[in-house]
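Notes for the one structure printed next.
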Amino acid sequence: MKNIFFIVILSLLVNCANSVNKSNNVSINGNCIENLDFKEQYFSNIKIIDSLIEKNQNTQFSKSLKFISKYSHVSFESTLNYARLYPIGAYEKDRKGWLEWYEKNKCNNIQFKKK
1 MKNIFFIVIL SLLVNCANSV NKSNNVSING NCIENLDFKE QYFSNIKIID SLIEKNQNTQ
61 FSKSLKFISK YSHVSFESTL NYARLYPIGA YEKDRKGWLE WYEKNKCNNI QFKKK
């Protein structure tokens, strides 16, 4: 009887642990809880900025900068120029900060901010 109880408890624990690790939006590695949905969107926005920085700083570009600015520094003051463009020098410096911010905070289960 004790063996059956032990097996049932053990199987419940294994099933619970497996379901947490297989979640679609959280990767658990040791003490690190990483929100994979956030990671995908954060880096997708960086990729948009990467692709448009020297081409067409359009609405999509601006939306990506705004998204990133909710979490990490964006030098919006550098866009106060005649052309209203985000300068490549500011971008390179900011981009480094965005990556550093993510590495520093990724294990904190980062949540999306509303505004």
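Position 71 (the sequence shown) corresponds to 71 in full-length UniProt numbering; numbering is contiguous. Positions of the beta carbon are idealized from the N, C-alpha and C atoms, including for glycine.
Following the DSSP letters along the chain, one finds ILE88 inside the alpha helix (DSSP H) bounded by residues 88-105. Contact check for ILE48 against ARG95 fails: the beta carbons are separated by 9 Å or more. Your pair ASN45 and PHE67 checks out as a contact, with CB atoms roughly 5 Å apart and the cut at 8 Å. If you look at ASN35, you'll find it in the beta strand (DSSP E) that goes 32-35. One thing to note: SER72 has its Cβ within 9 Å of the Cβ of GLY97.
In the three-state DSSP reduction, ASN45 falls in the helix class (H, G or I). ILE88 is the residue among ASN108, PHE38, ILE88 and LYS113 whose C-alpha sits nearest the C-alpha of LEU52. One alpha carbon belongs to TYR91, the other to LYS106, and they sit about 22 Å apart. The criterion of a C-beta distance shorter than 9 Å is not satisfied by TYR86 and LYS39.
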